[in-house]
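Here the structure comes first, spelled out in structure tokens, and everything after it is commentary.
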Amino acid sequence: MTAIGGDRLRTKRRSLKNESAIHFLYILPFLILLAIFAYLPLYGWIYAFFDYKPPIPLSKSPFVGFKWFASLVETQVKIDQLIQVIKNTFGISGLMLMFSWLPMIFAIFLNEIRAVRFRKAVQTLTTLPNFISWVLVYSIAFAMFTSEGMVNGLLRQLGAIDSPILFLQDSSHVWLTMWMWITWKSLGWSAIMYIAAITSIDESLYEAAYVDGATRMQVIWHVTLPSLLPTYFVLLVLQVANFLNNGLEQYFVFQNAFNKEYIQVLDLYVYNLAIGGGSYSVSVAISMMKSLISVALLFSVNQLSKWLRGEGVV
Amino acid sequence: MTALRRSTDVTDIIITILTYVLFSAFTFICVYPFYYIIINTISANDISARGEVIFWPKQVHFQNYIDIFKVPGLWNALMISISRTVLGTTLTVGASAFLGYMFTKDKIWMRKFWYRFTIITMFFNAGIIPWYLTMKTLGLTNNFLAYILPTIVAPFYIILVKTFVESTPKELQQAATIDGAGTLMIFWRIMLPICKPILATVAIFSAVDQWNAFQDTLLLVTDSNLYSLQFILYNYIKQASSLSTLVNLQNAGSTAIASLATEQTTTSIRMTVTIIVVAPIMFVYPIFQRFFVKGIMIGAVKG
Numbered sequence: 085m086t087a088i089g090g091d092r093l094r095t096k097r098r099s100l101k102n103e104s105a106i107h108f109l110y111i112l113p114f115l116i117l118l119a120i121f122a123y124l125p126l127y128g129w130i131y132a133f134f135d136y137k138p139p140i141p142l143s144k145s146p147f148v149g150f151k152w153f154a155s156l157v158e159t160q161v162k163i164d165q166l167i168q169v170i171k172n173t174f175g176i177s178g179l180m181l182m183f184s185w186l187p188m189i190f191a192i193f194l195n196e197i198r199a200v201r202f203r204k205a206v207q208t209l210t211t212l213p214n215f216i217s218w219v220l221v222y223s224i225a226f227a228m229f230t231s232e233g234m235v236n237g238l239l240r241q242l243g244a245i246d247s248p249i250l251f252l253q254d255s256s257h258v259w260l261t262m263w264m265w266i267t268w269k270s271l272g273w274s275a276i277m278y279i280a281a282i283t284s285i286d287e288s289l290y291e292a293a294y295v296d297g298a299t300r301m302q303v304i305w306h307v308t309l310p311s312l313l314p315t316y317f318v319l320l321v322l323q324v325a326n327f328l329n330n331g332l333e334q335y336f337v338f339q340n341a342f343n344k345e346y347i348q349v350l351d352l353y354v355y356n357l358a359i360g361g362g363s364y365s366v367s368v369a370i371s372m373m374k375s376l377i378s379v380a381l382l383f384s385v386n387q388l389s390k391w392l393r394g395e396g397v398v
Numbered sequence: 002m003t004a005l006r007r008s009t010d011v012t013d014i015i016i017t018i019l020t021y022v023l024f025s026a027f028t029f030i031c032v033y034p035f036y037y038i039i040i041n042t043i044s045a046n047d048i049s050a051r052g053e054v055i056f057w058p059k060q061v062h063f064q065n066y067i068d069i070f071k072v073p074g075l076w077n078a079l080m081i082s083i084s085r086t087v088l089g090t091t092l093t094v095g096a097s098a099f100l101g102y103m104f105t106k107d108k109i110w111m112r113k114f115w116y117r118f119t120i121i122t123m124f125f126n127a128g129i130i131p132w133y134l135t136m137k138t139l140g141l142t143n144n145f146l147a148y149i150l151p152t153i154v155a156p157f158y159i160i161l162v163k164t165f166v167e168s169t170p171k172e173l174q175q176a177a178t179i180d181g182a183g184t185l186m187i188f189w190r191i192m193l194p195i196c197k198p199i200l201a202t203v204a205i206f207s208a209v210d211q212w213n214a215f216q217d218t219l220l221l222v223t224d225s226n227l228y229s230l231q232f233i234l235y236n237y238i239k240q241a242s243s244l245s246t247l248v249n250l251q252n253a254g255s256t257a258i259a260s261l262a263t264e265q266t267t268t269s270i271r272m273t274v275t276i277i278v279v280a281p282i283m284f285v286y287p288i289f290q291r292f293f294v295k296g297i298m299i300g301a302v303k304g
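Just so you know, the protein sequences line up as chains A and B, in that order.
Just add 84 to wherever you are in the first sequence, counting from 1, and you've got our numbering.
Just add 1 to wherever you are in the second sequence, counting from 1, and you've got our numbering.
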């Protein structure tokens, strides 16, 4: 009896082991893809330590150690340029952080609207821009704001201006305009998460508040807002973790000779250095530091969230 | 919930009016640019080029939508964009479905580790230039596969599917196992049909991403045969004047007599291409809006 039982158990264990190996083989091709496209580029950081000048391959490039990292702060001109780029990154990301509560307010007040049709229409139509690419956003910006564009056309018809205003070449409010385009594109969409959170708030809280004679603003302030704060906090933490990652596309399409100084965020700077200027190694050095700082930021804010709320967000 | 109260409070009324005004204004700002471009593409091109078509179309014609395909490279770019969207979306959906399902299984060698190995890639990034150099080393520059291969394994979509699979009754899989169905059979016959709603969400997200992709063409492609529609549009914005001359020359050679109203201008070319690029999104979005919303909600719960 026992012998047979043990035998059966052993076969079962062996088949379990087999099964687990087979399952692993099923997912292996996908893991390899991931290794190639997500992990292998990390190996590309090695370019930061060589004097790489295409078309000479890396294997024939001389090893230079931390030369490129040091070169970033070599001369006053380079320091100034890097500082300007960091300022731009901080300026735009800072604006985003400062107004990170906008989607929440959008959702709260949209929820206060009683006309269901109107509310649904607003929700649908304001989320549309989120799904178009930055190239399309630029095309729209071009259509609206060039010298022959709609805004200048309207101003001319009204007799407000004689010569067109060159909005897109303007270098004085670049951070603000970039922030405005981001907001135009994503405000409606970002609000959806809060709208969903509002629908899950316990109805009895509202009833209690009204029984106590609270006004609408008081209800918003004491019931709706506190219920949304955890969601806000999670999103804020993720936003802080992404502080240095503005992305390339938006700034690439909007950049021109006039606004270049103020639009170059880190991601664009890295691109311009490598593709525009051929300084691959320096560009990789900056990329590398940026990625490391971003990961460090993510861990720190996650840790902070663990202390403050007892749970992380990642 | 607010309907409970019938308030005549003055501040209340002011707030109500203010919310209606602000939401109307913002909605208008979101929609008007699309409307503006559409009415300009169907208005007389000379009027449109002067920026005088603002509220409604003037001297309506549809010549622009015929002429636009005479612009060299546009057909080809359209085909590239469609192929990458169809192929990329199919593979991404398939891979996300399979991996999302597989990661719910206990019986995978080092499952926890591989799951983390997959998910953690959402939170770091080597940077675009190291990525570009790697792709170059792999021979994926000027290669159509560069549009497809990197997008196949997408951690966020895998989380979406996994969350969904975990919410389905375990008994289904158990019953199928007793009937002798293997892992792949269960995936194909049971999981795929059950997961349809979430896979639709993944498909929509992934298709929009593919259609909108610009950066990969910018970095990896110099061969104009592989340009996507987004990239072509970007080029047109930067150099539309030479293109309008080209189309006009072609038209002058044919029997069609180009009047000022239908003669191509930089504005007409740019705007017509814009509408062609944005049309699929505008068409698809209202129909599939609920899928988008579902995606962001599940992502929010889990992410």
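Positions of the beta carbon are idealized from the N, C-alpha and C atoms, including for glycine.
All values derive from a computational prediction rather than experimental measurement.
Annotation: Cβ neighbours of B/Ile55 in chain A (cutoff 7 Å, chain order): Met234, Gly237, Leu238.
Residues of the same chain with a CB within less than 8 Å of the CB of A/Gln348, apart from the 5 flanking positions on each side, are Gln168, Val169, Asn172, Tyr335, Gln339, Asn356 in chain order. Counting only residues of its own chain and dropping the five nearest sequence neighbours on each side, B/Glu167 has a CB closer than 7 Å to the CB of Thr105. Using a CB distance below 9 Å, the part of the segment 200–213 of chain A facing chain B consists of Phe202, Arg203, Ala205, Val206, Gln207, Thr208, Leu209, Thr210, Thr211, Leu212, Pro213, ordered along the chain.
Listed along chain B are Phe215, Gln231, Leu234, Tyr235, each with a C-beta nearer than 7 Å to that of A/Val219. Runs of alpha helix (DSSP H) with 4 or more residues, each lying fully within the segment 259–326 of chain A, are found at 287–295, 300–303, 309–325, listed in chain order. Among the bridge pairs identified by DSSP, A/Phe134 is matched with A/Phe147. Not flagged as an interface residue toward chain A: B/Lys113, since no C-beta distance is shorter than 8 Å. Going by DSSP, A/Arg393 is part of the alpha helix (DSSP H) stretching over 364–393. Of all alpha-carbon atoms in B/Ser25, B/Thr86, B/Val54, the one lying nearest the alpha-carbon of B/Met272 is that of B/Val54. Under the 8 Å criterion on CB atoms, B/Arg51 is classed as interfacial with respect to chain A. With respect to the C-alpha of A/Asn330, the residue from A/Tyr353, A/Ile120, A/Leu250 having the closest C-alpha is A/Tyr353. For the segment 91–114 of chain B, the beta-carbon criterion of a distance under 9 Å to any beta-carbon of chain A is satisfied by Ala96, Phe99, Leu100, Met103, Phe104, Lys106, Asp107, Lys108, Ile109, Trp110, Met111, Arg112. Taking 8 Å as the CB threshold, B/Cys31 lines the interface with chain A. Here DSSP, grouped into helix, strand and coil, assigns B/Pro151 to helix. Neighbourhood of B/Asn126 in chain A, by CB distance below 7 Å: Ser375, in chain order. In the same chain as B/Ile276, and ignoring 5 residues on each side of it, the C-beta atoms closer than 7 Å to its own belong to Ile38, Ile39, Thr42, in chain order.
If the five residues before and after B/Ala147 are omitted, its C-beta is found closer than 8 Å to the C-beta atoms of Met136, Leu141, Asp217, Leu221, Val222, all from its own chain and listed in chain order. Along the segment 148–174 of chain B, going in chain order, the ones with a CB nearer than 7 Å to a CB of chain A are Leu150, Pro151, Ile153, Val154.
Assignment of alpha helix (DSSP H) within the segment 325–350 of chain A, counting only whole runs of 4 or more residues, yields 333–338, 344–347 in chain order. When 8 Å is used as the limit between beta carbons, A/Leu309 is near no residue of chain B, the shortest such separation being about 15 Å. Under the Cβ criterion of 8 Å, B/Ile69 is not counted among the residues facing chain A. B/Gly95 is positioned such that its CB atom lies no closer than 8 Å to that of B/Ile159.
Taking each of A/Leu260, A/Thr315, A/Ala132 in turn and checking the Cα distance to A/Ser155, the smallest one comes out for A/Ala132.
Taking each of B/Val32, B/Leu92, B/Thr263 in turn and checking the Cα distance to B/Leu150, the smallest one comes out for B/Leu92. Cβ-Cβ distances below 6 Å link A/Ser311 to Ile285 in the same chain, with the five nearest sequence neighbours on each side left out; the list follows chain order. By the CB criterion at 8 Å, A/Ser365 and A/Trp218 fall outside the cutoff. In this structure A/Ser255 touches A/Phe342 by the C-beta definition: roughly 5 Å separates them, less than 8 Å. Boundaries cannot be given for A/Ala199, as no alpha helix (DSSP H) includes it and DSSP labels it neither H nor E. Between the segment 196–204 of chain B and the segment 111–130 of chain B there are fewer than three C-beta pairs closer than 8 Å, too few to call the two in contact.
Rounded to the nearest angstrom, the Cβ distance from B/Pro156 to B/Thr122 is 6 Å, consistent with a contact under 8 Å. Under the three-state reduction of DSSP, A/Ala244 is assigned to coil, being neither helix nor strand. For B/Thr12, the secondary structure class from DSSP, reduced to helix, strand or coil, is helix. By the 16-neighbour rule on beta-carbons within 10 angstroms, A/Ser288 is exposed. Note that the segment 311–325 of chain A does not touch the segment 239–255 of chain A; fewer than 3 beta-carbon pairs, one per stretch, sit closer than 8 Å. Interface with chain B (8 Å Cβ-Cβ cutoff): A/Ala227 is included.
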